[in-house]
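Residue numbers (this note's numbering): 582 to 1007.
The beta-carbon is built from N, C-alpha and C at its ideal position, and this holds for glycine as well.
Below you can see the structure in the form of structure tokens.
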């Protein structure tokens, strides 16, 4: 049978057009966009606002972490190692850091900002290549929303606001997925809107509502030259920031963070530690080795966790305690701290225990504001309504908080020209 013109051109590889029906064309267009411009089979998970994490453990089904239903097994799965490896390769290419057998581990960001960790190849992952995606929201969860969810209460929010307005350093500690970064992002709105902020991260997650904001990220080693958190923190000390925000501190960069705090640049960061005792143990031990006498440079430690609520049986994120670091007592050989707030599991409520005993409010903030020691109650009254029942105090503070946040947000929008008002220069 003689070859037609199309067959000859196809064999030569010069076919320019293939005519198909409308339905076939739309199907091909959809497939092309999904595979090349988006994330293919993962796209529905990425678009679902109720899904927080996406996890592929190797061959088999993909799992998701749902805000309502918790961990769920999906009906999307990989049956072939070759299929899985090819998908993971394409996924890594979208981050700009393609995986190879020589460099099988990638920790990066997807185009939408979601954080992804990839381990490539069955030689290092016995069940085949795996990946975990932590979804990113370009609209940070507000402090008011965290209060509604019960993660914190109004008094804790007001207390953190006071600390940040007075240039205190706060570290948010807890295990993985305990809400550390979420709370850190939420409290950034409390920082003076005129301050210069420097954020330093491995993968960009922090968003602050400030115009004077330098956003820096690490760079993986290329031909022996990489940029680590340690390097960026050292550089930040020369940039005269009012606040330094570090996405997560894990190693030797902690010593530079303490140098920054010692020179007057407060630091906000997250740290993996389940209690303040474990935090101090890690900071003073190898490889960080911060001198014990330097620990009191850190002002406040917030401990968070994902806990099961006794009343409902659901797993929720809660701030377990808010602690002020007093310092190291060389005579007794121990570290002193004050637990200002704690979480009561049975009632699922936070309790303020610090009136009359706060080290930061009485010995630092009151001094900076020129409050006489005979009138120290005034500094407590700024976030706690004296003489009223706790419920009434929280309600009153919640009203103050929402109005204060609204006023600050309006001011930030006004400076950016996002409001309907116009500002005429004279």
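Taking C-alpha atoms, which residue in 795, 766 and 770 lies nearest to residue 778?
The shortest C-alpha separation from residue 778 is found at 795.
Take residue 918 as the anchor and find which of 716, 788 and 858 has the nearest alpha-carbon.
Nearest option by C-alpha distance: 858.
Euclidean distance between Cα positions of residue 632 and residue 646
In a straight line, the C-alpha of residue 632 is about 6 Å away from that of residue 646.
Bridge partner(s) assigned by DSSP for residue 904
Answer is 882 and 920.
C-beta atoms of residue 768 and residue 745 nearer than 8 Å
With respect to residue 745, residue 768 sits close: the two C-beta atoms are nearer than 8 Å.
Since residue 883 and residue 906 should fall inside the 8 Å C-beta cutoff, what is the C-beta to C-beta distance between them, to a whole number of angstroms?
With a Cβ gap of about 12 Å, residue 883 and residue 906 do not count as contacting.
Secondary structure at residue 715, three-state DSSP: helix, strand or coil?
Under the three-state reduction of DSSP output, residue 715 falls in the strand class.
Is it true that the CB of residue 783 sits closer than 8 Å to the CB of residue 532?
Lying before the first or after the last residue shown, residue 532 is absent from the chain, which here runs from 582 to 1007.
DSSP-derived helix/strand/coil call for residue 673
For residue 673, the three-state secondary structure derived from DSSP is helix.
For residue 760, does the count of other Cβ atoms within 10 angstroms reach 16, so buried, or fall short, so exposed?
Here residue 760 is buried. Its C-beta has 16 or more other C-beta atoms within 10 Å.
Of the residues 893, 923 and 894, the one placed nearest residue 901, counting alpha carbons only:
The candidate whose alpha carbon is nearest that of residue 901 is 923.
Keeping to the same chain, check which residues put their C-beta closer than 6 Å to that of residue 825; ignore five residues upstream and five downstream.
779, 817, 841, 846 and 848.
Measure the alpha-carbon distance for residue 770 versus residue 609 and round it to whole angstroms.
Going from the Cα of residue 770 to the Cα of residue 609 covers about 45 Å.
From residue 792 to residue 775, what does the alpha carbon distance come to, in whole angstroms?
Cα-Cα distance, rounded: 8 Å.
Taking the CB atoms as reference points, tell me whether residue 680 and residue 670 lie closer together than 8 Å.
Yes, these two residues count as a Cβ contact at 8 Å.
Measure the CB-CB distance between residue 656 and residue 750 and report whether it falls below 8 Å.
No, the Cβ-Cβ distance between residue 656 and residue 750 is not below 8 Å.
Would you mind working out which of 897, 890 and 937 sits nearest residue 928, comparing C-alpha positions?
Of the listed residues, the one whose Cα sits closest to residue 928 is 890.
Option in 941, 690, 852 and 932 with minimal Cα separation from residue 801:
Minimum Cα distance to residue 801 is reached at 690.
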